[in-house]
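Residue numbers (the numbering used here): 6 to 276.
Only one structure is covered here, and it is reproduced in the block below.
Structure, rendered in structure tokens:
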């Protein structure tokens, strides 16, 4: 099928397969071809690009990606969509659907098997598990160079404005940008809030021990960095002093450079 995102086509598909949006998977079907095209254009996709999509739904965004990319690999958790996607994406031989929970998938193994340095993630994220999925992509040790994702608008604003373990990890690997706002009125069923698309450019991978340190620092984010770093150092005050960090600061007061310095200090004393 062509132009899946056209509202009349989406409704025909939903009626044909007696489908309703599954709340437990945070499903909402986007029915604006113009918005679909804009989302697909948010990533630097060429005919050499491998695209990973999480939660293709009935294939509206997948179609736009398939027309641009070398291959689109989709992870879908909803088994009801097997016959639907086999139908709607039948015209595209460069699409592979993996019916598996993305959070349980071996992402690094998949990306490595592609033998390509041109891999990106483009997706309309299920709202109920947004942060976990973004974290998995950001902390991946394989060569994923870009992510473009639609999330709740409030989430996108927090990612581009607030300090958190995830935003610090993003700061380390590259950069994040707020790309566009998407009205709640272009979905079936309409969610309660507007959505937004953000993009992440990954220029390097993040060491997993640094991720561990950052997450540990924010376990009790209202406490001082002195308290929160105790599990990582025998002499926390000495470590903080060596890095030039005020022990009375809170986790959100520190920059990614501060955490990199602390992690190096920890490594120095472990070796």
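For each residue, glycine too, the CB sits at the ideal point set by N, CA and C.
Quick one: Cα of residue i to Cα of residue j, how far?
i           : j           : result
residue 164 : residue 94  : 33 angstroms
residue 170 : residue 21  : 44 angstroms
residue 217 : residue 80  : 27 angstroms
residue 261 : residue 203 : 20 angstroms
residue 231 : residue 183 : 33 angstroms
residue 189 : residue 158 : 10 angstroms
residue 124 : residue 137 : 20 angstroms
residue 256 : residue 264 : 9 angstroms
residue 154 : residue 247 : 39 angstroms
residue 76  : residue 275 : 43 angstroms
residue 221 : residue 13  : 49 angstroms
residue 119 : residue 59  : 17 angstroms
residue 55  : residue 114 : 14 angstroms
residue 24  : residue 270 : 55 angstroms
residue 224 : residue 106 : 26 angstroms
residue 177 : residue 209 : 8 angstroms
residue 249 : residue 200 : 40 angstroms
residue 74  : residue 212 : 29 angstroms
residue 214 : residue 268 : 7 angstroms
residue 16  : residue 9   : 10 angstroms
residue 61  : residue 11  : 16 angstroms
residue 90  : residue 234 : 48 angstroms
residue 88  : residue 122 : 32 angstroms
residue 85  : residue 99  : 22 angstroms
The alpha helix (DSSP H) with residue i in it runs from where to where?
i           : result
residue 157 : Run containing residue 157: none in the alpha helix (DSSP H); it sits in the beta strand (DSSP E), 151 to 157.
residue 89  : 87 to 93
residue 233 : 230 to 233
residue 12  : 12 to 21
residue 260 : Taken as a continuous stretch (DSSP letters only), residue 260 belongs to no alpha helix (DSSP H), as it is neither H nor E.
residue 112 : 112 to 118
residue 214 : 213 to 222
residue 67  : 65 to 71
residue 242 : 241 to 247
When DSSP builds the beta bridges, which residues end up paired with residue i?
i           : result
residue 206 : 151 and 180
residue 101 : 78
residue 185 : 202
residue 142 : In DSSP, residue 142 forms no bridge with anything.
residue 40  : None, per the DSSP bridge assignment.
residue 193 : 34
Can you give the beta carbon distance from residue i to residue j, rounded, assuming they're within the 8 angstroms contact cut?
i           : j           : result
residue 180 : residue 206 : 5 angstroms
residue 18  : residue 63  : 5 angstroms
residue 48  : residue 127 : 5 angstroms
residue 35  : residue 160 : Not quite, the Cβ-Cβ distance comes to about 17 angstroms (not below 8 angstroms), so this is no contact.
residue 156 : residue 40  : Not confirmed; about 14 angstroms, so no contact.
residue 116 : residue 82  : That pair is no contact at about 20 angstroms.
residue 259 : residue 252 : In fact, because the Cβ distance is near 11 angstroms, the residues do not count as touching under 8 angstroms.
Specify, as a first and last residue, the run of the beta strand (DSSP E) that residue i falls within.
i           : result
residue 58  : 55 to 59
residue 129 : 124 to 129
Does chain B have any CB closer than 8 angstroms to the CB of residue i?
i          : result
residue 74 : Of the chains in the structure shown, none is chain B; there is only one protein chain.
Requested in this report: Could you say if the segment 189 to 198 and the segment 223 to 230 meet the contact criterion of at least three C-beta pairs nearer than 8 angstroms?
Outcome: These segments do not touch.
Requested in this report: Taking 8 angstroms as the threshold, find out whether the segment 37 to 46 comes into contact with the segment 59 to 73 through three or more Cβ pairs.
Outcome: Yes, since at least three Cβ pairs between the segment 37 to 46 and the segment 59 to 73 fall closer than 8 angstroms, the two stretches touch.
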